[in-house]
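Sequential numbering of the sequence shown, starting at 1, is according to UniProt numbering. Below is one structure; the comments refer to it alone.
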Amino acid sequence: MIGFIRLADRLSGWFGKTFAWLILLMTFGTSYEVFVRYVLNAPTPWAFDMSFIMYGTLFLMAGAYTLSQGGHVRGDFVYRLWKPRTQAAVDLVLYLIFFFPGVLALIITGWKYSSRSWSYGEVSINSPAGVPIFQFKSVMVAAGLLLAIQGVAQIFRCVLCLRTGEWLRAEKDVEETEEALIHQREQELEQRAHS
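The following block contains the structure:
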């Protein structure tokens with residue numbers, strides 16, 4: 001179980017970090033559009049569609065990574081007060097009742113939309129440029145599959161927690177800025193106390 005969890009976490013991490021580079025492309029694309037629109041008075045017909053598509057792709061493909069890191073929003077005002085075994089039991093039930101049916105719906109519906117879109121080479125109706133979007137509809141299926149794999153890993157985490165009473169945490173690879181600054185400040189204070 002632990003081997004599968006670590007594999008799923010690495011897979012989700014790789015996809016999440018790879019697609020995170022779309023942020024730079026969106027930044028450059030939007031900056032270019034602002035420059036040509038307001039400085040050169042020559043707006044592009046494709047910029048809106050490209051930023052829309054890239055943001056949607058980033059949002060979908062980073063979902064499994066966010067799940068692996070425990071970064072999705074949860075109403076933890078009560079949850080955090082529970083013992084780990086209670087948390088795991090509730091999580092397990094919620095994954096089975098809500099998460100997996102939703103992910104399955106995403107995969108099936110995404111497959112229908114994607115295959116239909118590929119069959120006629122769908123283009124965006126929002127811009128005069130006719131940006132092709134059929135390939136981006138496949139992202140729904142890929143994101144659903146990644147979420148399903150990570151969801152199985154989360155189920156395994158719940159089972160392990162029910163057995164041991166402790167959560168198997170994901171390996172930390174990114175730290176929030178506030179946490180890093182707090183940690184740095186604590187180290188500085190410890191060094192001053194020792195000197």
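Just so you know, even glycine gets a beta-carbon here, dropped at the ideal spot from N, CA and C.
>> Using a Cβ-Cβ cutoff of less than 8 Å, which residues in the same chain neighbour T66 once the five nearest sequence positions on both sides are dropped?
In response: G16, H72
>> Within 10 Å of its beta-carbon, does L104 have 16 or more other beta-carbons around it, so buried, or fewer, so exposed?
In response: exposed
>> If I follow the unbroken alpha helix (DSSP H) through Y95, where does it start and stop?
In response: Looking at the DSSP string, Y95 is not in any alpha helix (DSSP H), and its letter there is neither H nor E.
>> Quick check on R157: buried or exposed, where buried means 16 or more other Cβ atoms within 10 Å of its Cβ?
In response: buried
> CA-CA distance, A88 and F4?
Replying inline: 18 Å
> Going straight from the alpha carbon of L25 to that of Q154, what length do you get?
Replying inline: 32 Å
> Helix, strand or coil: which one does DSSP assign to V73?
Replying inline: coil
> What are the boundary residues of the alpha helix (DSSP H) that includes A8?
Replying inline: 2–20
> Unbroken alpha helix (DSSP H) runs of length 4 or more, entirely within the stretch 30–80: which are they?
Replying inline: 47–61, 63–68, 76–79
> Thinking just about the alpha-carbon of each residue, which of I133, A8, D173 is nearest to the one in S119?
Replying inline: I133
> How many angstroms separate the CA atom of M1 from the CA atom of Y95?
Replying inline: 17 Å
>> Spatial neighbours of S138 within its chain, please: C-beta separation below 6 Å, excluding the five flanking residues on both sides.
In response: S114
> What residues in its chain sit with their C-beta under 7 Å from that of D173, if we drop five residues either side in the sequence?
Replying inline: G13
> Taking C-alpha atoms, which residue in S127, R116, A8, G63 lies nearest to P43?
Replying inline: S127
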